[in-house]
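J.:
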Amino acid sequence: MAVVSREPQEAAGAAELELPGLVRDRVKEGRAKAAATRARKAAEALIAEVDPVAKVLVDLPMAHLDKPFDYAVPASMAEEARPGVRVKVRFGPKDVDGFVVARAEASEVANLQPLKRVVSSEVVLTPQVAALSDSVARRYAGARADVLRLAIPPRHASTEKEPSAAVPAAPPFDAAAAAAAWAGHEPATAFLRHLASGGAPRAVWHAAAGTDHADLIAHATAATLASGRGALVVVPDWKDLARLDVAMTKVLGEGQHAVLAADAGPASRYREFLRVARGAVKVAIGTRAAAFAPVRHLGLVVVWDDGDDLLAEQRSPYPHARDVLLLRAEQEQAAALVGGFARTVEAGFLSETGWAQEIRPSRALARQRVSIEITGDTDFDLEKDPLTRASRVPREAHEIIRAALATGPVLLQTPRRGYAASLACDRCRTPARCPACQGPLQLGGPAAPPTCGWCGHVETAWACGACGGFGLRAPIIGEARTAEEMGRSFAGVRVVTSSAGAVRQTVPGTPAIVVATIGAEPVAEGGYTAVLLLDTWLLLGRPDLRTDEEALRRWSNAAGLVRPGGRVLVVGDPALPVLQALVRWDQPGFAQREASARQEAHLPPASRLATITGTPGALDDALTLLALPPGAEVLGPAPAEPTSTGDARLRAVVRVPRSLGVRLTEALGELQRVRSARKLDPVRVQVDPPTL
DNA sequence: TTAACTGGAAAA
DNA sequence: TTTCCAGTTAAC
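Heads up: the first sequence begins at 1 in this note's numbering, then just goes up one per residue.
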């Protein structure tokens, strides 16, 4: 025992005399290490003379640790430890990453720990973005560390060593070209003038069908640059981003903008981020996380198609890119542009409250530019026209396609992917499901009975699960089958498909039939000569609160791809208000009606609402702890998705009038701090979630 | 990791 | 009541 537990020092003493070389080396190593530690300690003991205190936000998600901690700045780091740099600090038991947010002369706290290391001298957290992260964290009752993780991409050390490429001189602002691009949208010329002269106008922009919106955004950016300020544009996905990238290059010239996308890979993502952070470029475009891009002297923020759910962050605290940008526009006195072919209730609210003005197509432009028609999708038509039975493309549509093909490409938007023909109830249009496995019932051949597409069950006595009907209606055709039939109907015409998994970004402006599933529509060079929206009823079948709104947004985006002077044909029930709004291109009107419905139901944006989700015990506890402002309502709790480990969870909804929104989020923030400090089971808080 | 704090039990 | 010890907590 005694021999085994001998002190290390004794062993070291023995080694000096007799032990073999390897052990001696190790002892030397140990001594060198000890000497290095002493040297480091000595260096740390020398504290910076000016502002020896660094205020550091540590990268920990715990709500009660969401405040700056003071550290001593060693003299060796006096210069590098500037606000905005990444540092490593000792925090309790372990070393954690953090950001210096300020330097100070003194601290309230005695015996400060020294900063361990300045990870890099790059200023990645600018004061503006730090302030933005503050307000986003407060608005969403979340922790700043979580927000910063969304805002600042992971460091990529080798990329950091490269200098950012020099930016070529930008061409001078062409005010006439900008005005021409925006012609017909009113009052866009005033908006552009205001931007160019350094103002901060705010607008909600409804784009006319056939508008090359990316081009217009690029011109608005150019106007902002002309005032000596930077701009930031956020779009939902990489398809929009690619289009915008091309437009920016065309209008601003090569290398004038950075492209920020999380899925571009860590090196490229960080390289582009650094170009912005270093002030090498004044313009940034990107997907949702780009809303935090540290653009210098920000003059304009733009969000396109803000109804797309991709703009809602999936990670805590679940901020929406539109709201981040709008907060930013206020804080940095920048202009704001919220644009789309569709209109969200939230965007409509901005103009209703007077926060922003409207930019709309003039009536003349709307009428002359595109004709939008609707054709019935009733069983009567199906009887009359044998073609429709097979293909779901009515005869009237065939005529439009034929005419439009003479001058360019035609888009057919269909809601279903693949080939198989699924069936639906002919009375209520609920898709027919297999009674055994809930798979889709399909027709294998002309005379075959309906068969399940998943388990192969042959259904001979089907009855609709929703309405009890016995009739099956003409099949829902997938995009592959539609494409095949188009190829047969229009022999010699090129047929292109685009659907999830095989999305085509662009097609040439030459005659072709493009069959795409919803959201996968390629952009046609110069626009489509005609756009057909098929099987519109299928999108409306879902019992979601936002079904109509979302369907209208998706149709509007497809219709928006038409070229000026082109035609849009909607196949659907002309009596439906949502289709009427589409045909009249009155998405703002539809949003307004939706807004009053939501107001009556006390839903956002007129109310502020939050969900709290957790295990039954934790939720119950949280609701007791939550100090709600008077007038707040609590709904539920109702069953929610179980945890990843399968534990049951409940969700409660709390809501207040919008005027009390700040009180609600403060209470929720306090709740999270208390729960985190007491190490209670976590609950998830989501403020104004996109869906309920 | 570690100093400060808490609470409970033994000693006086 | 005081003192000691072990476990807990906060964390610069």
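Each residue gets a CB set at the ideal place from its N, CA and C atoms; glycine is no exception. If you're wondering where the values come from, they're calculated on a predicted model, not measured in any experiment.
For a test of the three-state rule: what should DSSP assign to A220, helix, strand or coil?
T.: A220: helix per DSSP, three-state reduction.
J.: Go ahead and pull the three-state DSSP assignment for P449.
T.: Reduced to three states, the DSSP call for P449 is coil.
J.: Let me make sure I understand the geometry here. Which of V281, F292, L664 has the alpha-carbon closest to that of V656?
T.: Here the closest residue by C-alpha is L664.
J.: Is E666 near the ligand GDP - that is, is its Cβ less than 6 Å away from at least one heavy atom of it?
T.: With respect to small molecules bound, the structure shown includes none, and the ligand GDP cannot be examined in it.
J.: Are there 16 or more other CB atoms within 10 angstroms of the CB of P639, so buried, or fewer, so exposed?
T.: P639 comes out exposed.
J.: Taking just the CA atoms, how far does V251 sit from V283?
T.: Roughly 12 Å between the two C-alpha positions.
J.: Less than 7 Å between the beta carbons of A321 and R363, yes or no?
T.: For A321 and R363, no; Cβs fall outside 7 Å.
J.: When burial is assigned at 16 or more other CB atoms within 10 Å of the CB, is D688 buried or exposed?
T.: Classification of D688: buried, given that the 10 Å Cβ count is 16 or more.
J.: State the Cα-Cα distance for the pair Y233 and A335, rounded to the nearest angstrom.
T.: Reading the sequence as shown, one finds Val at residue 233 and not Tyr. Near 12 Å, if we compare the C-alpha coordinates of A335 and V233.
J.: Decide if K679 is buried, meaning its Cβ has at least 16 other Cβ atoms within 10 Å, or exposed.
T.: It is exposed - the Cβ of K679 has fewer than 16 other Cβ atoms within 10 Å.
J.: Quick one: using the 10 Å Cβ neighbour count with 16 as the cut-off for buried, is C434 buried or exposed?
T.: Per the 10 Å Cβ criterion, buried.
J.: Taking all protein chains shown into account, decide if A648 is buried (16 or more other Cβ within 10 angstroms of its Cβ) or exposed.
T.: Classification of A648: exposed, given that the 10 Å Cβ count is below 16.
J.: Please classify S499: does DSSP put it in a helix, a strand, or coil?
T.: Three-state DSSP puts S499 in a strand.
J.: Answer with buried or exposed for F349, where buried requires no fewer than 16 other C-beta atoms within 10 angstroms of its C-beta.
T.: Label assigned to F349: buried.
J.: How would you label A551, buried or exposed, when you count the other beta carbons within 10 angstroms and need 16 or more for buried?
T.: By the neighbour-count rule (16 or more Cβ atoms within 10 Å), A551 is buried.
J.: Which same chain residues, not among the five before or five after R488, have their C-beta less than 8 Å away from its C-beta?
T.: Nothing listed; no residue qualifies.
J.: Decide if the segment 620-636 is in contact with the segment 563-576; the criterion is three or more beta carbon pairs, one per stretch, under 8 Å apart.
T.: No, because fewer than three Cβ pairs between the segment 620-636 and the segment 563-576 fall closer than 8 Å, the two stretches do not touch.
J.: Below 6 Å CB to CB, which residues in the same chain sit around Q357 once its five sequence neighbours on both sides are set aside?
T.: For Q357, where only same-chain residues beyond five positions count, the Cβ hits under 6 Å are A203.
J.: State the Cα-Cα distance for the pair D385 and C464, rounded to the nearest angstrom.
T.: The predicted position of D385 is uncertain, since its pLDDT is 45 and thus under 50; a value taken from the coordinates is nonetheless stated next. Going by the C-alpha atoms only, they are around 26 Å apart.
J.: Which residues bound the beta strand (DSSP E) around G638?
T.: The sequence given here places Ala at residue 638; Gly does not occur at that position. Here the beta strand (DSSP E) through A638 covers 633-640.
J.: Among all the DSSP beta bridges, which residues are the ones paired with E186?
T.: DSSP lists R360 as partners of E186.
J.: Tell me, please, which residues DSSP counts as bridged to A48.
T.: For A48, which the question treats as bridged, DSSP gives no partner whatsoever.
J.: For S107, which three-state DSSP category applies?
T.: Three-state DSSP puts S107 in coil, outside helix and strand.
J.: Which first and last residues belong to the beta strand (DSSP E) in which A284 is found?
T.: Unbroken beta strand (DSSP E) run through A284: 283-286.
J.: Should K94 go down as buried or exposed, given a rule of 16 or more other Cβ atoms within 10 Å for buried?
T.: Answer is exposed; the Cβ neighbour count stays below 16.
J.: Which value, in whole angstroms, describes the spacing of the CA atoms of V523 and P187?
T.: Distance between the alpha carbons of V523 and P187: 27 Å.
J.: If you draw a straight line from the C-alpha of P61 to the C-alpha of R144, how long is it?
T.: The straight-line gap from Cα to Cα measures roughly 8 Å.
J.: Grab the span of the alpha helix (DSSP H) containing T482 for me, first residue to last.
T.: Here the alpha helix (DSSP H) through T482 covers 479-489.
J.: So, for A11: in the same chain, excluding its five sequence neighbours on each side, which residues have a beta-carbon less than 6 Å away from its beta-carbon?
T.: Confidence at A11 is low in this model, with a pLDDT of 35, below 50, so the placement of that residue is unreliable and no value is reported for it.
J.: Can you name the start and end residues of the beta strand (DSSP E) that L411 belongs to?
T.: Counting along the chain, the beta strand (DSSP E) containing L411 begins and ends at 410-414.
J.: What are the boundary residues of the alpha helix (DSSP H) that E80 is part of?
T.: E80 -> no alpha helix (DSSP H), and no H or E assigned at all.
J.: Determine contact between the segment 247-261 and the segment 309-324, defined as no fewer than three beta-carbon pairs at a distance below 8 Å.
T.: Too few Cβ pairs lie closer than 8 Å, so no.
J.: Would you kindly work out how many angstroms separate the C-alpha atoms of P172 and A196, rounded to a whole number?
T.: Each residue's alpha carbon lies about 12 Å from the other.
J.: Quick check: the Cα distance between E641 and R546, rounded to an integer number of angstroms?
T.: So the alpha carbons of these two residues sit roughly 20 Å apart.
J.: Leaving out the 5 sequence neighbours to the left and right, which residues in its chain are closer than 6 Å to A483 when beta-carbon positions are compared?
T.: If we look at A483 and ignore the five residues flanking it on each side, its Cβ neighbours are V495, T497, V515.
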